[in-house]
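Participant: This is the structure, below, for whatever I ask next.
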Amino acid sequence: MAKFTIPVSSRRLYKLLGLFAIAIITIVIIVKGTDITSSLSGPIDGKSDYVQGSKKANAPKKARTKYDDKYKYVKYSIPEYKGEKVRATFVTLARNKDLNGLRETIKSFEDRFNSKFQYDWIFLNDSEFNDDFKVTMTALISGEVKFGIIPKEHWSFPSWIDQDRAADTRKEMKDIIYGDSISYRNMCRFESGFFWRHPLLDEYEYYWRVEPDTKLYCDVDYDIFRFMKDNDKKYGFTISIHEYRATIPTLWDTTVEFINLHPEYVAENNMLDFVSNDDGMSYNLCHFWSNFEIASLDFWRSDAYRDYFDYLDHAGGFFYERWGDAPVHSIAAALFLNRTQVHHFDDLGYYHGPFHQCPTDEKIRLANRCDCDPNRDFTWRGYSCGKKYYKVNNLAKPKNWADYSK
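Residues in the sequence shown are numbered from 11 upward in steps of one, following the working numbering.
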């Protein structure tokens, strides 16, 4: 049988037709791919909005804050929370260099709590946040993210401070933690008297303070802000501790002076017995560790706290000593709030080096998927003020608390 062959000229024609077909298919794929990319990332026009991607193919895209197009990304998607939220926000004081320390922290708080409720998050800095910081935080957070600059007058020496005296204090306190630091004093003064005055917080009732390099150990399946509001709680904490006496030698005396001028501000059912062991004659140094606090902004906006802070500020102790925002907040909460308005979140595992709060109740740890070691819990140890808080408020301690007190 004769072998069938295709003439050379025909083979060339078929080859050319094949190449043409491949080219057409390639063009179709490229065009389709561009459409898919555009549907995920939005228009590439140099001014694209950040959008929240969706797991549903036809779900509407939610516009985010505008940034340069070089930072386009697809934001992670979760079901929108449909419940009634409180006017509340997270607040973080940070610098651009804190970005690495914040990534894990933000993911912890989002995974454990905020992805379920999608509250806003405000970042404050004494200088402009860079694009890398803004883009990273916006991508990690489920709620709306806002960035603010601290006014210079809130992060500097006030006019009445004697600069020479303040400098001498820093020299004398050089061997005390942050004793020689100006920036730390600016931070303590800002957190005491100004963060809640920033315009970005004006629309909110409650806040949750979060700092870099902190962590939530346990799932939080209830709306903490709703809990605060519904139960008339004004201040919530996890860790309590004794302050360094050398940093606040005259803070209590200054507080007593203020109370003598304004006895009307002291709550009837106050918690003086938490901060003083002798009915107000002296300060026992107990305070709530304010790197974690969930509190009412209206409390700080009240006449009692405003007048108290202004009195302390003009006394100069933030610069002539090293008054911290933690004892200032704690003393104010103990004196100006009813004791029922202060709450210990014993179910929240929390870490800020070097201290841990880990629920000692195994049922709580297992139910909330806590990834912490109760043997490292600080609540019941000697330098903590946990036992003091529970005693003066007649609160029941966990059954096995003594096992974790050594």
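C-beta: ideal position from N, C-alpha, C; glycine also.
All of these numbers come straight from a predicted model, not from anything done at the bench.
Along the chain, which unbroken stretches of the beta strand (DSSP E) at least 3 residues long are found entirely within the stretch 357–405?
Facilitator: Whole beta strand (DSSP E) segments, 3+ residues: 360–362, 365–367.
Participant: Say whether the stretch 340–351 touches the stretch 264–277, bearing in mind that this needs 3 or more beta-carbon pairs closer than 8 Å, one atom from each stretch.
Facilitator: Short answer: they touch.
Participant: For the candidate residues 351, 107, 166, whose alpha-carbon lies nearest to that of residue 141?
Facilitator: Ranking 351, 107, 166 by Cα distance to residue 141 puts 107 first.
Participant: Can you list, in chain order, the residues of its chain with a C-beta nearer than 6 Å to that of residue 402? Leave out the 5 residues immediately preceding and following it.
Facilitator: For residue 402, where only same-chain residues beyond five positions count, the Cβ hits under 6 Å are 283, 284.
Participant: Can you give the Cα-Cα distance for residue 316 and residue 345, rounded to whole angstroms?
Facilitator: When rounded, the distance between both Cα atoms is 14 Å.
Participant: Going along the chain, which unbroken runs of the beta strand (DSSP E) with 3 or more residues stay wholly within the stretch 186–258?
Facilitator: Listed in chain order, they are 216–219, 224–226, 245–247, 250–252.
Participant: I need the boundaries of the beta strand (DSSP E) containing residue 158, first residue and last residue.
Facilitator: Where residue 158 is concerned, the enclosing beta strand (DSSP E) stretches over 155–159.
Participant: Does the stretch 251–261 come into contact with the stretch 139–158, if we say contact requires no fewer than three beta-carbon pairs (one atom in each stretch) closer than 8 Å?
Facilitator: Touching, no, given that fewer than three Cβ pairs across the two stretches are closer than 8 Å.
Participant: Along the chain, where does the alpha helix (DSSP H) containing residue 182 start, and where does it finish?
Facilitator: Run containing residue 182: 173–182, per the alpha helix (DSSP H) assignment.
Participant: Give the C-beta separation of residue 167 and residue 103 to the nearest angstrom, bearing in mind that I take them to be a contact with Cβ-Cβ under 8 Å.
Facilitator: At roughly 19 Å, the Cβ-Cβ gap does not stay under 8 Å, so residue 167 and residue 103 are not in contact.
Participant: Using only alpha-carbon positions, find the residue among 224, 200, 240, 225 that is nearest to residue 96.
Facilitator: For residue 96, the nearest C-alpha among the options comes from 240.
Participant: Tell me residue 353's beta-bridge partners as DSSP assigns them.
Facilitator: DSSP lists 246 as partners of residue 353.
Participant: From the DSSP output, which residues share a beta bridge with residue 317?
Facilitator: Answer is none; residue 317 lacks a bridge partner.
Participant: What did DSSP end up calling residue 265 once you bin it into helix, strand or coil?
Facilitator: Residue 265 falls in the helix class under three-state DSSP.
Participant: Output the distance between the C-alpha atoms of residue 230 and residue 307, rounded to the nearest integer angstrom.
Facilitator: About 22 Å.
Participant: Please report the distance separating the alpha-carbon of residue 116 from that of residue 222.
Facilitator: Each residue's alpha carbon lies about 8 Å from the other.
Participant: Since I believe residue 134 is in contact with residue 208 (beta carbons under 8 Å), could you give me their beta-carbon distance rounded to a whole number of angstroms?
Facilitator: Their Cβ separation, rounded to whole angstroms, is 6 Å, which keeps residue 208 and residue 134 in contact under 8 Å.
Participant: Using only alpha-carbon positions, find the residue among 313, 303, 348 that is nearest to residue 335.
Facilitator: Nearest C-alpha to residue 335: 303.
Participant: Which whole-angstrom value describes the C-beta separation of residue 352 and residue 245, a residue pair presumed to lie in contact below a C-beta threshold of 8 Å?
Facilitator: Confirmed, about 5 Å.
Participant: Do residue 371 and residue 414 have their C-beta atoms within less than 8 Å of each other?
Facilitator: No. Outside cutoff.
Participant: Is residue 73 helix, strand or coil by DSSP?
Facilitator: Residue placement at residue 73 is flagged as unreliable, the pLDDT there being 39, under the threshold of 50; the coordinate-derived value follows with that caveat. In the structure shown, residue 73 sits in a strand (DSSP, three-state: E or B).
Participant: Let me confirm a value: residue 324 is counted as buried when at least 16 other C-beta atoms fall within 10 Å, else exposed. Which label applies?
Facilitator: Exposed.
Participant: For residue 249 and residue 171, what's the separation of their Cα atoms in angstroms?
Facilitator: Cα to Cα, residue 249 sits roughly 33 Å from residue 171.
Participant: Just list the residues that DSSP pairs residue 130 with in beta bridges.
Facilitator: According to DSSP, which records beta bridges pairwise, residue 130 is partnered with 99.
Participant: Going by Cα to Cα distance, which pick from 410, 180, 199 is closest to residue 328?
Facilitator: Ranking the options by Cα distance to residue 328, first place goes to 199.
Participant: Quick check: residue 91 and residue 144, are their CB atoms within less than 8 Å of each other?
Facilitator: No.
Participant: Residue 140 by DSSP, collapsed to three states: which one?
Facilitator: Three-state result, residue 140: coil.
Participant: If you draw a straight line from the alpha carbon of residue 404 to that of residue 295, how long is it in whole angstroms?
Facilitator: Looking at the two C-alpha atoms, the distance is approximately 20 Å.
Participant: Leaving aside the five residues before and after residue 320 along the sequence, list all residues of the same chain whose C-beta is less than 6 Å from its C-beta, in chain order.
Facilitator: Correct list: empty, nothing qualifies.
Participant: Applying the 10 Å Cβ sphere with the 16-neighbour rule, what's the burial state of residue 314?
Facilitator: Buried is the call here.
Participant: Can you give me the start and stop residues for the beta strand (DSSP E) that residue 298 sits inside?
Facilitator: Here the beta strand (DSSP E) through residue 298 covers 296–298.
Participant: Taking C-beta to C-beta, are residue 217 and residue 123 nearer than 8 Å?
Facilitator: Going by C-beta atoms, residue 217 is not nearer than 8 Å to residue 123.
Participant: Using the beta-carbon count (16 or more within 10 Å), is residue 201 buried or exposed?
Facilitator: Buried: at least 16 other Cβ atoms inside 10 Å.
Participant: If you run the structure through DSSP and keep just helix, strand and coil, what is residue 26?
Facilitator: Because residue 26 carries a pLDDT of 49, less than 50, the predicted location of this residue cannot be relied on, and the following value inherits that uncertainty. Note: residue 26 maps to helix in three-state DSSP.
Participant: Taking 7 Å as the limit between beta carbons, can you name the residues of its chain near residue 188, skipping five residues before and five after?
Facilitator: Cβ within range, chain order: 194, 332.
Participant: For the beta strand (DSSP E) that contains residue 116, what are its first and last residues?
Facilitator: Not the beta strand (DSSP E): residue 116 falls in the alpha helix (DSSP H), residues 109–119.
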